[in-house]
Each structure stands twice: as structure tokens, then as C-alpha cells.
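Protein chains in written order, with my numbering: chain A, 45 to 429; chain B, 12 to 179.
Glycine residues also receive a C-beta, built at the ideal position from the N, C-alpha and C atoms.
In what follows, a structure is listed as C-alpha cells, so that the remarks can point back to it.
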Amino acid sequence: MKSIYFDYAATTPVDPIVLRAMLPYFSKIYGNTMSLHEFGRHAHEAVEKSRSTIARIINAETSEIYFTGSATESNNLALKGVALANRHRGNHLIISAIEHDCVLESARYLSRNGYAVTILPVDKYGLVNIEELESLINEKTILISIIHGNNEVGTLQDLEKIGRICRNKKVYFHTDASQSYAKELIDVKKMNIDLLTASSHKIYGPKGAACLFVRKSVLIDPILHGGGHENKLRSSTLNVPAIIGFAKAAEITVKSRNTENQRLLKLRDKLISGILGNIKDTYLNGHPTKRLANNINISFPFVEGESLVMQLDFAGIACSTGSACSSTTLEPSHVLIALGLPPQGAHGSLRISLGRWTKESDINYLLKVLPAIVKKFRRISPFKN
Amino acid sequence: MSTYSKQVINHFKNPHNYGSIKKPDGKGIVGNIICGDVMYLYIRVKKTKDTEIIEDIKFETYGCAAAIATSSVITDLVKNKTITEALSIKKDDVIKSLNGLPPIKIHCSLLAVDALNEAIYDYLKGKKRKIPIELEKAHLKIKQERQKTETRYSDWVKAEKGGKNGHR
Numbered sequence: 045m046k047s048i049y050f051d052y053a054a055t056t057p058v059d060p061i062v063l064r065a066m067l068p069y070f071s072k073i074y075g076n077t078m079s080l081h082e083f084g085r086h087a088h089e090a091v092e093k094s095r096s097t098i099a100r101i102i103n104a105e106t107s108e109i110y111f112t113g114s115a116t117e118s119n120n121l122a123l124k125g126v127a128l129a130n131r132h133r134g135n136h137l138i139i140s141a142i143e144h145d146c147v148l149e150s151a152r153y154l155s156r157n158g159y160a161v162t163i164l165p166v167d168k169y170g171l172v173n174i175e176e177l178e179s180l181i182n183e184k185t186i187l188i189s190i191i192h193g194n195n196e197v198g199t200l201q202d203l204e205k206i207g208r209i210c211r212n213k214k215v216y217f218h219t220d221a222s223q224s225y226a227k228e229l230i231d232v233k234k235m236n237i238d239l240l241t242a243s244s245h246k247i248y249g250p251k252g253a254a255c256l257f258v259r260k261s262v263l264i265d266p267i268l269h270g271g272g273h274e275n276k277l278r279s280s281t282l283n284v285p286a287i288i289g290f291a292k293a294a295e296i297t298v299k300s301r302n303t304e305n306q307r308l309l310k311l312r313d314k315l316i317s318g319i320l321g322n323i324k325d326t327y328l329n330g331h332p333t334k335r336l337a338n339n340i341n342i343s344f345p346f347v348e349g350e351s352l353v354m355q356l357d358f359a360g361i362a363c364s365t366g367s368a369c370s371s372t373t374l375e376p377s378h379v380l381i382a383l384g385l386p387p388q389g390a391h392g393s394l395r396i397s398l399g400r401w402t403k404e405s406d407i408n409y410l411l412k413v414l415p416a417i418v419k420k421f422r423r424i425s426p427f428k429n
Numbered sequence: 012m013s014t015y016s017k018q019v020i021n022h023f024k025n026p027h028n029y030g031s032i033k034k035p036d037g038k039g040i041v042g043n044i045i046c047g048d049v050m051y052l053y054i055r056v057k058k059t060k061d062t063e064i065i066e067d068i069k070f071e072t073y074g075c076a077a078a079i080a081t082s083s084v085i086t087d088l089v090k091n092k093t094i095t096e097a098l099s100i101k102k103d104d105v106i107k108s109l110n111g112l113p114p115i116k117i118h119c120s121l122l123a124v125d126a127l128n129e130a131i132y133d134y135l136k137g138k139k140r141k142i143p144i145e146l147e148k149a150h151l152k153i154k155q156e157r158q159k160t161e162t163r164y165s166d167w168v169k170a171e172k173g174g175k176n177g178h179r
């Protein structure tokens with residue numbers, strides 16, 4: 045029985061080298077980083093080394109990296125923390141229409157509590173319009189949050205252009221780089237990024253570690269209060285093994301970035317053209333070239349996505365969908381709707397995300413089994429041709 | 012992802028009685044593409060002196076595993092039953108036959124029963140027969156709900172009607 049993982053955008057397996065680096069921190073160097081004794085000191089030193097590794101990758105200062113428990117937490121902290129600390133300057137936030145739920149829901153929460161939120165639309169490829177963004181900024185605008193690599197359709201935004209506008213208008217710029225950190229080149233200085241979210245478990249590190257980069261000059265309040273960890277911005281005992289793993293994972297990812305991206309691009313484009321060429325009435329969602337090297341998102345009209353995902357699972361292939369039936373709310377993906385997809389396109393979407401252990405033979409196997417699966421459901425569907 | 016019973020998985024993997032019936036005696040169309048579930052149910056009815064039996068039933072469904080499984084199982088429940096027997100089938104019968112559905116998928120069982128009711132309604136209407144009050148009520152409710160959904164998502168419906176690849 046085959047078992048092929050095509051859901052690296054959801055999460056990744058921990059790299060064995062990462063796991064090895066983490067192990068001593070569970071039972072040997074287990075001290076609390078806040079403790080004054082040797083046990084605490086050793087843990088503290090290891091965490092600071094990790095912090096420096098993670099900072100260097102995006103050309104940030106070590107002291108500008110704040111560890112959190114997840115990208116969701118980082119995004120909550122970025123939006124709520126900046127909104128609360130800058131209430132005297134204004135109450136307006138701008139986010140794109142294709143943010144992850146944690147940014148969208150944080151913004152909605154703020155809009156229910158006295159803040160004004162503008163949703164910046166995207167074009168059919170998922171790109172924001174820079175001129176439109178500029179026109180939406182007013183004297184009350186305090187923060188703009190735009191996702192770098194979209195988690196569903198893979199579209200990559202031009203951070204440098206967005207950053208320049210934000211800097212000129214003196215508005216903080218936050219980007220959710222959960223899908224792109226260490227995989228794509230990011231320079232927070234050159235790109236004028238003020239806050240950035242990065243996550244460990246998307247780059248072969250463990251779950252439970254993430255960070256928020258916060259430029260020194262940014263005013264931000266904590267949302268977790270307590271013992272004053274992380275320079276008083278995020279109280280919580282540090283998850284030392286996970287942080288060590290996060291840094292190790294980032295280091296490996298950066299080291300192999302160029303060759304790995306080239307390899308993935310080839311596989312990605314082979315899979316895209318293979319599906320579009322062999323299954324009629326299919327189309328690619330997102331941008332054809334400005335997209336994450338590991339993301340494929342294709343719509344199969346006349347077929348519902350959850351059915352596809354389940355049947356593929358029976359064939360030993362794991363991927364995901366933006367269909368309503370597979371969500372907890374029974375609403376189709378807001379990202380696909382924002383791209384202008386009609387109902388059948390949104391319900392019939394399949395996200396296939398590649399990773400470090402994806403082989404060409406995996407791509408060939410998917411290309412072999414997928415046409416018959418799509419055909420099966422099209423035969424059952426009342427909308428078939 | 013929600014966990015499905017073995018029965019749901021089996022019906023989903025190998026659905027019974029899918030396809031269409033040419034010139035059916037009754038046809039029921041329920042669900043909405045906006046919500047991601049659409050079910051077509053076709054029936055052929057054999058009328059003798061004192062009974063009328065649904066001798067053939069077929070479905071076409073666009074939807075998730077639960078929607079396909081409920082469609083498949085309702086054809087099993089209905090085949091070779093009288094109209095009166097078929098009208099007594101409720102969503103709980105569908106759920107029971109599938110050995111349960113995840114809570115968020117219960118609405119799929121209702122969809123299958125609605126499709127059956129609509130097909131029988133269509134059959135009786137075509138024969139200019141008297142419609143039982145309960146069936147008339149069910150028909151009205153389905154119609155109202157469809158209108159409500161279409162009004163709520165009117166822009167999106169237009170996008171769909173703009174063509175199958177409307178946004179390209």
C-alpha cells in the first residue's frame with residue numbers, strides 16, 4: 045500500500061537531524077531559561093544561539109526575534125499587540141482578503157472592539173494591487189498585514205514594494221511568512237518589514253515553536269501577561285527543545301534553499317502541466333510563476349473536493365481541499381472566493397503541496413491515479429458534460 | 012477530518028444505483044452548488060391495479076463523501092417500495108442505515124430525503140394526482156430555502172452562470 049504525503053503546506057515531518065539536535069534539551073539541558081543556576085543558564089544560552097540563527101536568516105537583529113508557541117499566536121500578537129499599543133495614533137488596519145484565518149479573525153475581533161479594518165482585495169492570481177493599497181491608507185492607519193506566500197494558492201506578494209509604501213506612509217508593515225520563511229529570500233531591512241511571522245513546523249522543525257520578528261522601533265503590547273519572558277512581550281516558560289529544533293530546521297532549510305527550490309519547481313511544474321494536460325476542464329489557481337515552489341492548487345469542476353481528497357486517501361495519497369464540506373464551518377475557502385472562483389471551482393479545488401521527501405516517482409504515481417478518480421466523480425455528478 | 016462509519020465509506024467507494032433514468036416518472040433536484048451539495052434523484056414507478064411500486068431509482072450527486080453515501084443508501088431503501096412506504100422514510104432511517112453520520116454531515120441525510128420527496132412530488136404532479144399535505148409542505152419548504160440561499164449569494168451565483176470557468 046502506497047503512502048505518499050502531499051500536504052507539506054499543512055505541516056512537515058521533523059527532519060531527523062533536527063530531532064537529534066532537540067533530544068538533549070528534554071532531559072539533559074532541561075532548565076528554565078529564567079533560572080539563575082547552571083541548568084537555567086545552559087538552556088538560556090542555547091535559546092539565544094537559536095534566536096541569533098533565526099534572526100540572521102531575515103537580516104534581523106537577534107533582539108528583534110520573539111519566540112511564541114505558534115504562527116497563529118504570532119499573528120494574534122502582531123495585530124492585537126500593535127493595535128492596542130498604537131491606539132493613540134489611530135485605529136485603522138488594512139489586511140488582504142487572502143490572509144490566514146488567524147489574521148482574519150484577529151482583525152474581525154479588533155473591528156468588533158473599536159478598530160476599523162479594511163480588506164484589500166486581490167486579483168485573480170491572488171496578488172494585491174499596490175496602488176490600491178496606497179489609496180486605502182489614511183491618517184488613522186497604524187498597521188498593514190499582508191501574507192507573503194499564501195498557504196492555499198501559493199501566490200507570493202512583492203514584499204519590497206509593499207514595504208516601501210508602508211515606510212513612506214509611516215505605517216507598520218506585518219507579513220505572515222509562515223509558508224515562506226527560510227524557503228524564500230527575505231530581508232527585513234531591505235524590504236522595510238516591521239513585523240514578520242515565522243513557523244517551525246512548516247520547515248521540518250517541531251510543532252509548538254514559532255516567532256514574531258518585531259523591529260526595535262515598533263510599539264507593541266503583550267497579549268500574554270505574566271513573568272515577563274521574551275523581553276516582557278510574551279510571558280510563558282520557553283519551549284526550549286522546540287526552539288532549538290526550529291533554529292536547526294531553519295539553518296538546514298536555508299543551506300539547501302537554492303538546490304531544493306530548483307528541484308521542487310521542476311516537480312511542481314511537471315505535476316501542474318501533467319494534470320492540466322491530461323484531465324480536461326481543470327485550471328490552476330494562484331499565480332503561474334509568482335508562487336511558492338512547493339504549492340499546487342487546481343480546480344476540478346463537476347467534482348467536490350472532499351470526495352477527491354478521500355478517494356485519493358484510499359489510493360495512499362494525502363492532500364487537501366478548500367471545499368466547504370471539509371471545513372468546520374461548511375463555508376468554502378475565503379481565499380478561493382477572493383480570487384473570484386465560481387462555486388464549483390472553489391468546492392472542487394485540490395491543494396497538493398510538495399516537500400523535502402517528495403520524489404519524482406510520487407508525482408508520476410499521482411498523475412497515474414488522478415484521472416480515473418476525477419472521472420469516477422464526474423460520472424456520478426449531475427453537472428458532467 | 013471527520014470520521015465516517017464503514018457503511019459510509021463502502022457506499023462512497025462503491026455507490027449503488029448512480030446515473031440517470033431517461034424519461035423518469037419523477038425527478039427530484041435538491042441542494043445548491045453554493046453550499047457544495049447537489050442531488051438529482053430519478054424514479055420509475057410501476058403501477059398495477061392496487062399498488063404503485065418504485066421499480067427503479069437512480070441518483071446523480073455532486074458533493075462530499077456523506078452526500079454520495081446518503082444518495083446511494085436512499086436508493087437501496089426505496090427500490091421496490093410502494094410510494095406510501097417511500098414517503099414514510101425519514102432522515103433517521105438514512106442515518107441508521109449508514110450506522111451514523113458525523114454531526115456536521117447530518118444535513119446530507121436530510122438532503123437525500125428531500126430529493127426523494129421531490130421526486131415523488133414530481134411524479135404525483137405529473138399524473139395530476141392529489142398531493143398529500145405533508146408532501147406539499149415539504150415541497151414548499153425546499154423551494155423557500157433554495158430562494159433564500161440564492162438571494163444571499165446572488166453575486167456568486169452569477170459567477171457560476173458566467174460559465175464553468177467563469178473567472179478565466
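#### Entry: Proximity of ILE209 (chain A) and ILE174 (chain A) at Cβ, strictly below 8 Å
Start at 1 with the first residue of the first sequence, and residue 209 (chain A) comes out as number 165. Start at 1 with the first residue of the first sequence, and residue 174 (chain A) comes out as number 130. ILE174 (chain A) is positioned such that its CB atom lies closer than 8 Å to that of ILE209 (chain A).
### Message
What does DSSP give as the partner residue(s) for SER140 (chain A) in the beta ladder?
### Response
On the first sequence, position 96 is the one that residue 140 (chain A) refers to. Partner(s): A:LEU164.
### Query
Which residues in the same chain have their Cβ closer than 7 Å to the Cβ of LEU127 (chain B), if we skip the five residues on either side of it in sequence?
Counting from 1 along the second sequence, the entry for residue 127 (chain B) is found at position 116. If we look at LEU127 (chain B) and ignore the five residues flanking it on each side, its Cβ neighbours are GLY39, LEU52, ILE85, VAL89, ALA97, ILE100.
### Query
How many whole angstroms separate the CB atoms of GLU71 (chain B) and SER31 (chain B), which I take to be in contact at a CB cut-off of 8 Å?
Against the second sequence, residue 71 (chain B) aligns to sequence position 60. Against the second sequence, residue 31 (chain B) aligns to sequence position 20. Sure, about 6 Å apart at Cβ, within 8 Å.
#### Entry: Secondary structure, beta strand (DSSP E): runs of 3+ residues fully inside the segment 34 to 90 of chain B
Correct list: 37 to 43, 48 to 58, 63 to 73.
### Message
I need the DSSP call for ASN176 (chain B), collapsed to helix, strand or coil.
### Response
Working through the second sequence from its first residue, we reach residue 176 (chain B) at position 165. Residue placement at ASN176 (chain B) is poorly supported in this model, since its pLDDT is 41, which falls under 50; the coordinates still yield a value, given next. If DSSP states are grouped into helix, strand and coil, ASN176 (chain B) belongs with coil.
### Task
Let me know the secondary structure DSSP gives ALA337 (chain A) once reduced to three states.
Within the first sequence, residue 337 (chain A) is the residue found at index 293, counting from 1. ALA337 (chain A): coil per DSSP, three-state reduction.
### Message
Among the candidates B:HIS22, B:SER165, B:LYS152, whose CA atom is the shortest distance from the CA of SER83 (chain B)?
### Response
Numbered from its first residue, the second sequence carries residue 83 (chain B) at position 72. The option with the nearest alpha carbon to SER83 (chain B) is B:HIS22.
### Message
So for LEU256 (chain A), helix, strand or coil by DSSP?
### Response
Locating residue 256 (chain A) in the first sequence gives position 212, counting from the first residue. Under the three-state reduction of DSSP output, LEU256 (chain A) falls in the strand class.
### Query
In the segment 387 to 404 of chain A, which residues sit with their C-beta less than 9 Å from some C-beta in chain B, listed in chain order?
Among the residues of the segment 387 to 404 of chain A, those with a Cβ less than 9 Å away from any Cβ of chain B are PRO387, GLN388, GLY389, ALA390, HIS391, GLY392, in the order of the chain.
### Message
Checking 8 Å against the spacing of the C-beta atoms, do ILE342 (chain A) and THR365 (chain A) come in under that value?
### Response
Walking along the first sequence from the start, residue 342 (chain A) turns up at place 298. Walking along the first sequence from the start, residue 365 (chain A) turns up at place 321. Here ILE342 (chain A) is not near THR365 (chain A), since their CB atoms are 8 Å or more apart.
### Message
Taking only three categories from DSSP, how would you classify VAL456 (chain A)?
### Response
Only positions 45 to 429 of chain A appear in the structure, and residue 456 (chain A) is not among them; the question remains open.
#### Entry: Beta-carbon contacts of HIS86 (chain A) that lie in its chain and below 8 Å, excluding the five residues immediately before and after
Your numbering for residue 86 (chain A) matches position 42 in the first sequence. A distance below 8 Å between beta-carbons, with the five flanking residues on each side excluded, links HIS86 (chain A) to the following residues of its chain, in chain order: ILE73, GLY75.
### Message
Please confirm whether HIS178 (chain B) has its beta-carbon closer than 8 Å to some beta-carbon of chain A.
### Response
To locate residue 178 (chain B), count along the second sequence from 1; it is residue 167. In this predicted model, HIS178 (chain B) has a pLDDT of only 41, less than 50, meaning its place in the structure is not dependable; the value taken from the coordinates is given anyway. Closer than 8 Å to some Cβ of chain A, the Cβ of HIS178 (chain B) qualifies, so yes.
### Other residues of its chain near LYS116 (chain B): CB distance less than 6 Å, five sequence neighbours each side excluded
By one-based count along the second sequence, residue 116 (chain B) stands at place 105. Cβ neighbours of LYS116 (chain B) beyond the five flanking positions: ALA77.
### Query
Taking just the CA atoms, how far does LEU356 (chain A) sit from LYS213 (chain A)?
Translated into the one-based positions of the first sequence, residue 213 (chain A) becomes position 169. Translated into the one-based positions of the first sequence, residue 356 (chain A) becomes position 312. Near 48 Å, if we compare the C-alpha coordinates of LEU356 (chain A) and LYS213 (chain A).
### Query
Can you find a C-beta in chain B that's less than 8 Å from the C-beta of LYS60 (chain A)?
By one-based count along the first sequence, residue 60 (chain A) stands at place 16. The amino acid occupying residue 60 (chain A) in the given sequence is Pro; Lys does not appear at that position. Cβ-Cβ to chain B under 8 Å: no for PRO60 (chain A).
#### Entry: contact_flag[the segment 283 to 297 of chain A, the segment 130 to 138 of chain A] where n(CB pairs < 8 Å) is 3 or more
With a cut-off of 8 Å, the segment 130 to 138 of chain A and the segment 283 to 297 of chain A do not count as touching, because too few Cβ pairs lie within range.
### GLY507 (chain A) versus A:ILE264, A:LEU229, A:LEU282, residue with shortest Cα-Cα distance
Only positions 45 to 429 of chain A appear in this structure, which leaves residue 507 (chain A) out of reach.
### Buried versus exposed, by CB contacts within 10 Å (16 or more), MET78 (chain A)
Taking the first residue of the first sequence as 1, we reach residue 78 (chain A) at position 34. That one is exposed.
### Interface flag, LYS29 (chain B) vs chain A, CB-CB below 8 Å
Working through the second sequence from its first residue, we reach residue 29 (chain B) at position 18. Looking at the sequence provided, one finds Tyr at residue 29 (chain B) rather than Lys. Closer than 8 Å to some Cβ of chain A, the Cβ of TYR29 (chain B) qualifies, so yes.
#### Entry: Beta-carbon neighbours of SER367 (chain A), restricted to chain B and to distances below 9 Å
Taking the first sequence and counting its residues from 1, the one referred to as residue 367 (chain A) is at position 323. Within chain B, the residues near SER367 (chain A) are GLY47, CYS75.
### Task
Helix, strand or coil for ALA97 (chain B), going by three-state DSSP, please let me know.
Counted from its first residue, the second sequence places residue 97 (chain B) at position 86. Three-state DSSP puts ALA97 (chain B) in a helix.
### Query
Going by the beta-carbon positions, is the gap between PRO415 (chain A) and HIS391 (chain A) smaller than 8 Å?
Indexing the first sequence from 1 puts residue 415 (chain A) at position 371. Indexing the first sequence from 1 puts residue 391 (chain A) at position 347. No, Cβ-Cβ distance for PRO415 (chain A) and HIS391 (chain A) is not below 8 Å.
### Message
Within 8 Å, do at least three Cβ pairs link the segment 321 to 340 of chain A to the segment 184 to 204 of chain A?
### Response
For the pair of segments examined, the segment 184 to 204 of chain A was found to touch the segment 321 to 340 of chain A: the number of CB pairs separated by less than 8 Å reaches three.
### Query
Can at least three beta-carbon pairs, one atom from the segment 256 to 270 of chain A and one from the segment 304 to 322 of chain A, be found at a separation below 8 Å?
Output reads no: the segment 304 to 322 of chain A does not touch the segment 256 to 270 of chain A.
### Task
Determine the DSSP secondary structure at ILE230 (chain A), reduced to helix, strand or coil.
By one-based count along the first sequence, residue 230 (chain A) stands at place 186. Reduced to three states, the DSSP call for ILE230 (chain A) is coil.
### Cβ separation of ILE230 (chain A) and ILE102 (chain A), assumed to be a contact under 8 Å, to the nearest whole Å
Counted from its first residue, the first sequence places residue 230 (chain A) at position 186. Counted from its first residue, the first sequence places residue 102 (chain A) at position 58. That belief holds up - the Cβ atoms of ILE230 (chain A) and ILE102 (chain A) are roughly 5 Å apart, short of 8 Å.
### Query
Mind checking GLY321 (chain A): buried by the 16 CB within 10 Å criterion, or exposed?
Within the first sequence, residue 321 (chain A) is the residue found at index 277, counting from 1. Result: exposed.
### Task
Tell me the start and end of each unbroken alpha helix (DSSP H) in the segment 66 to 109 of chain A that is at least 4 residues and wholly inside, in chain order.
Fully enclosed alpha helix (DSSP H) runs of 4 or longer: 68 to 71, 82 to 101.
### Message
Closest to ASP146 (chain B) by C-alpha separation, out of B:ILE131, B:GLN158, B:GLU156, B:THR160, would be which residue?
### Response
Along the second sequence, read from residue 1 onward, the residue named residue 146 (chain B) stands at position 135. Reading off the sequence, residue 146 (chain B) comes out as Leu, not Asp. Nearest C-alpha to LEU146 (chain B): B:ILE131.
### Query
Are the segment 174 to 191 of chain A and the segment 290 to 305 of chain A in contact at 8 Å, needing three or more beta carbon pairs?
Proximity of the segment 174 to 191 of chain A to the segment 290 to 305 of chain A falls short of the contact definition, fewer than three beta-carbon pairs being nearer than 8 Å.
### Message
With DSSP as the reference, identify every bridge partner of ALA242 (chain A), one or two as the case may be.
### Response
On the first sequence, position 198 is the one that residue 242 (chain A) refers to. ALA242 (chain A) is bridged to A:CYS255.
### Query
According to DSSP, which residues form a beta bridge with ALA362 (chain A)?
To locate residue 362 (chain A), count along the first sequence from 1; it is residue 318. Among the bridge pairs identified by DSSP, ALA362 (chain A) is matched with A:TYR49.
### Query
What are the partner residues of ASP220 (chain A), as DSSP defines its beta bridges?
The residue you call residue 220 (chain A) lines up with position 176 of the first sequence. A:THR241.
### Message
Using 8 Å as the threshold, is the C-beta distance between ALA293 (chain A) and ILE247 (chain A) below it?
### Response
Taking the first residue of the first sequence as 1, we reach residue 293 (chain A) at position 249. Taking the first residue of the first sequence as 1, we reach residue 247 (chain A) at position 203. Going by C-beta atoms, ALA293 (chain A) is nearer than 8 Å to ILE247 (chain A).
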